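Novice: Chains as they are written, first to last, in the working numbering: chain A, 1 to 275; chain B, 1001 to 1261.
Positions of the beta carbon are idealized from the N, C-alpha and C atoms, including for glycine.
None of these values were measured; they are calculated from a predicted model.
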Amino acid sequence: MMDVKRVISKIEKNYIINNLRKQERIDGRGLWDYRKFKIQSDIISSAEGSADVCLGETRIITGLKYEVGKPFPDLPNEGVCTVMAELLPLASPLFERGPPDEQSIELARVVDRGIRHADCVQTKKLCIKENEAVYILFIDMYVINYDGNLIDAGGISALTTLISAHIPEGKIENGNLEWTGKYFTGESIVNELPIVITYGKIGDIIFLDPNLPEELVCDGRISISVTEDKITSIQKSGAATFSIDDLKMLGDKSLEIGKKLRKDLNLWQYKAKYK
Amino acid sequence: MPLIIKDEYPEVLFREDGKRLDGREKNELRPIKMEVGVIKNADGSAYLEWGNNKIFVAVYGPREVHPHHLAKPDRGILRVFYRMATYSVFDRKRPAPGRREKEISMIISDCIEPILFLELYPGTSFEVFIEVIDADGGTRCASTTGVALALADAGIPMKSLVSAVAVGKIDGKIVVDLSGIEDKAGEADLPCAITWYNKEISLLQFDGNMDLNEMSEFLDLAKDALGRIHQIQLDALKSKFLTIQEKSDEIIVNKENQGES
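Right under this line is the structure:
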């Protein structure tokens, strides 16, 4: 059992801050290091795609389900991709039962926006017939263990889930919706891989991938989604303030870290094995 | 609406060689894997793979009761929350808990309560969270089995473990551990659990039809299977400590080696 506390003592807070001032972290990392990612894909046989992502001790299991429904009237030839997150009370004594709270909605929305604005999911390919039938994809993230930085773990798990997708291919014949007998895979609907990168801030010190004690004592966080060469979404949360120079530096840093992470994780290896 | 409407139920549930559709004998269980201590934040936890079922269980407690008015001055309370992930079933489940989940939570809670010494923990609660992330028939039995493991992992005093399994009737023959398709297409389904300290049945439901002879056959078959499940539970609990033992042995060996050099 890990020691999870709602309130961190002053002495522990000072210890964390003093370490950060010396460019050190309580778990031995440098300021700009990620914890270790551990990824498994296609683990749920009932889902059309799934991923089990660990970032240090933070663990998120994500699954993909689909439905065929009517498109939005203003986007008649585009499918829909929605992201939902549940912070299970199983994952931490800090999480409570009940309908989604602010934290889980923020997680879902930040991951969703990172994907939505990055030309990641090719929604036009999710159209079966204009104005009539499109795919609605549900990416549902379940937090199994919480040890800080859900957003980055969630972002990677949502991407891996999409890449591992294998969805039945539909057609409209004589006005009826039918299955062609084939599947299409994540490879054919995913284009760019947006990676969301979260930094914590305590005082004037900024650091990558806050773990739980750091997240509990930090003044605030900022999450930046990046593609290969562009920033696609930003979310500042908590009571911290960031200077313009900080933001410029973080923009640069994010592109650099994103490139490295994209290469290290090599997410395309998780594409569905069959078609 | 999903595209593929699942095929109609198969007409026969046995293959020509007399085995079941997934290749099992009548009294054979699906492959079962159990592990404890998988969720670091929880006081106790377990992960089960039971055929295609994949289930996480976490136990928190004894801890303060929320909301406070549920607390009992003379004893602790046990609360079980069985939930299924939206993607654990063929048609996406709605995210909010449904009637089925609430009922199963209750019967698992009632099943587990006899093995605990709740009277020793007045004013507190034990909370058990079950998350089914992949389902293929028999999740309530697998969950109950997992809850017993997670409670033991949490070090909560217990009279004994609890093991659970479903027996049923398919194509007129009595079989153990129904898979999803056998459960839906079969004639009868009897999930049951045993508390080992008194060897009595603590969870029992039945759907279908049976005569008295069949009932005793059901229960005999269940008893035999439950014994095997109990053994897997014990092995899972022991292996946690064997792993710790191996690690400490390793450290000792490393230290000795360092001393020599």
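Can you check whether the C-beta of Lys65 (chain A) is within less than 8 Å of a C-beta belonging to chain B?
Specialist: yes
Novice: Taking its Cβ as the centre, do 16 or more other Cβ atoms sit within 10 Å of Ser1248 (chain B), making it buried, or is it exposed?
Specialist: Exposed, by the Cβ-count rule.
Novice: Please list the partners that Trp179 (chain A) has in chain B, where partner means a Cβ-to-Cβ separation under 8 Å.
Specialist: Leu1003 and Ile1004
Novice: Compare the C-beta of Ile1232 (chain B) against all C-beta atoms of chain A and say whether one is closer than 8 Å.
Specialist: Using a Cβ-Cβ cut-off of 8 Å, Ile1232 (chain B) does not count as an interface residue toward chain A, since no Cβ of chain A sits closer than that to its own.
Novice: Listed in chain order, which residues of the segment 1058 to 1076 of chain B have Cβ atoms closer than 7 Å to some Cβ of chain A?
Specialist: Ala1058 and Tyr1060
Novice: Give the DSSP bridge partners of Cys1192 (chain B), in chain order.
Specialist: B:Val1165 and B:Leu1204
Novice: Would you report the Cα separation of Phe1126 (chain B) and Ala1058 (chain B), rounded to the nearest angstrom?
Specialist: 11 Å
Novice: Tell me where the alpha helix (DSSP H) around Val110 (chain A) begins and ends.
Specialist: Glu102 to Arg116
Novice: Helix, strand or coil: which one does DSSP assign to Gln122 (chain A)?
Specialist: Residue state, collapsed to three classes: coil.
Novice: Which word fits His166 (chain A), buried or exposed, when buried means at least 16 other C-beta atoms lie within 10 angstroms of its C-beta?
Specialist: buried
Novice: Considering only the alpha carbon of each residue, which of A:Ile11, A:Leu177, A:Ile231 and A:Met249 lies closest to His117 (chain A)?
Specialist: A:Ile231
Novice: Give, in chain order, every residue of the segment 135 to 152 of chain A whose Cβ lies closer than 8 Å to some Cβ of chain C.
Specialist: Considering every chain present, this structure includes no chain C. Its protein chains are A and B.
Novice: Give the residues of chain B in contact with Ser46 (chain A), contact being defined as C-beta atoms less than 7 Å apart.
Specialist: Chain B residues near Ser46 (chain A): Tyr1087, Ser1088, Val1089, Phe1090, Asp1134 and Ala1135.
Novice: Determine, using beta carbons only, whether Glu192 (chain A) and Glu228 (chain A) come nearer to each other than 8 Å.
Specialist: Contact flag set, yes.
Novice: Would a C-beta distance cut-off of 8 Å place Val1065 (chain B) and Ile1077 (chain B) closer than the cut-off?
Specialist: yes
Novice: Over the uninterrupted alpha helix (DSSP H) stretch that includes Ser157 (chain A), give me the two end residues.
Specialist: Unbroken alpha helix (DSSP H) run through Ser157 (chain A): Leu150 to Ile163.
Novice: Ordered along the chain, which non-local residues of its own chain (more than five positions away) have a Cβ less than 8 Å from that of Met1 (chain A)?
Specialist: Residue confidence for Met1 (chain A) is low, a pLDDT of 46 falling below 50, so the modelled location carries little weight and cannot support an answer.
Novice: Which residues mark the beginning and the end of the alpha helix (DSSP H) in which Val312 (chain A) is found?
Specialist: The question about residue 312 (chain A) has no answer here: the residues shown for chain A are numbered 1 through 275.
Novice: Starting from the Cα of Val1089 (chain B), find the closest Cα among B:Gly1138, B:Val1080 and B:Gly1123 and give me that residue.
Specialist: Just measuring C-alpha positions, the residue of B:Gly1138, B:Val1080 and B:Gly1123 sitting nearest Val1089 (chain B) is B:Gly1138.
Novice: State the start and end residues of the unbroken beta strand (DSSP E) segment that holds Leu265 (chain A).
Specialist: Leu265 (chain A) -> not in any beta strand (DSSP E); alpha helix (DSSP H) instead, spanning Ile244 to Leu265.
Novice: Which residues, taken in chain order from the segment 1115 to 1145 of chain B, show a beta carbon closer than 7 Å to some beta carbon of chain A?
Specialist: Phe1129, Glu1131, Ile1133, Asp1134 and Ala1135
Novice: Compare the C-alpha of Leu159 (chain A) against each of A:Ile222, A:Ser41, A:Ser92 and A:Leu94 and name the closest.
Specialist: A:Ser41
Novice: Output needed in chain order: residues of the segment 79 to 92 of chain A with a Cβ under 9 Å from some Cβ in chain B.
Specialist: For the segment 79 to 92 of chain A, which is checked against every Cβ of chain B, the residues closer than 9 Å are Met84, Glu86, Leu88, Pro89, Leu90, Ala91 and Ser92.
Novice: Does any C-beta atom of chain A lie closer than 8 Å to the C-beta of Ile1104 (chain B)?
Specialist: No, its Cβ sits nowhere closer than 8 Å to a Cβ of chain A.
Novice: If you reduce the DSSP assignment to three classes, tell me which class Thr1144 (chain B) lands in.
Specialist: Thr1144 (chain B) sits in a helix when the DSSP states are folded into three classes.
Novice: Extract the residue ranges of the beta strand (DSSP E) inside the segment 48 to 82 of chain A, only unbroken runs of 3 or more that lie entirely within it.
Specialist: 50 to 55 and 58 to 69
Novice: With a threshold of 16 other CB atoms inside 10 Å of the CB of Asp1043 (chain B), please say whether the residue is buried or exposed.
Specialist: buried
Novice: At the level of alpha carbons, what is the spacing between Val83 (chain A) and Val111 (chain A)?
Specialist: 7 Å
Novice: Going by the beta-carbon positions, is the gap between Gly63 (chain A) and Val196 (chain A) smaller than 8 Å?
Specialist: no
Novice: Between the C-alpha atoms of Ile222 (chain A) and Gly203 (chain A), what's the straight-line distance to the nearest angstrom?
Specialist: 14 Å
Novice: Could you run through the segment 91 to 112 of chain A and flag, in chain order, every residue whose CB is less than 7 Å away from some CB of chain B?
Specialist: Ala91, Ser92, Pro93 and Arg97
Novice: Using 8 Å as the threshold, is the C-beta distance between Val143 (chain A) and Ala108 (chain A) below it?
Specialist: no
Novice: Cutting at 6 Å between CB atoms, please list the residues of its own chain near Phe95 (chain A), excluding the five before and the five after it.
Specialist: Leu87 and Pro89
Novice: On the DSSP bridge assignment, give the partners of Leu87 (chain A) in chain order.
Specialist: Leu87 (chain A) pairs with A:Val143.
Novice: Under a Cβ-count criterion, where at least 16 other Cβ atoms within 10 Å of its own Cβ denotes burial, should Ser243 (chain A) be classed as buried or exposed?
Specialist: exposed
Novice: Is there a C-beta anywhere in chain A that falls below 8 Å from the one on Ile1039 (chain B)?
Specialist: yes
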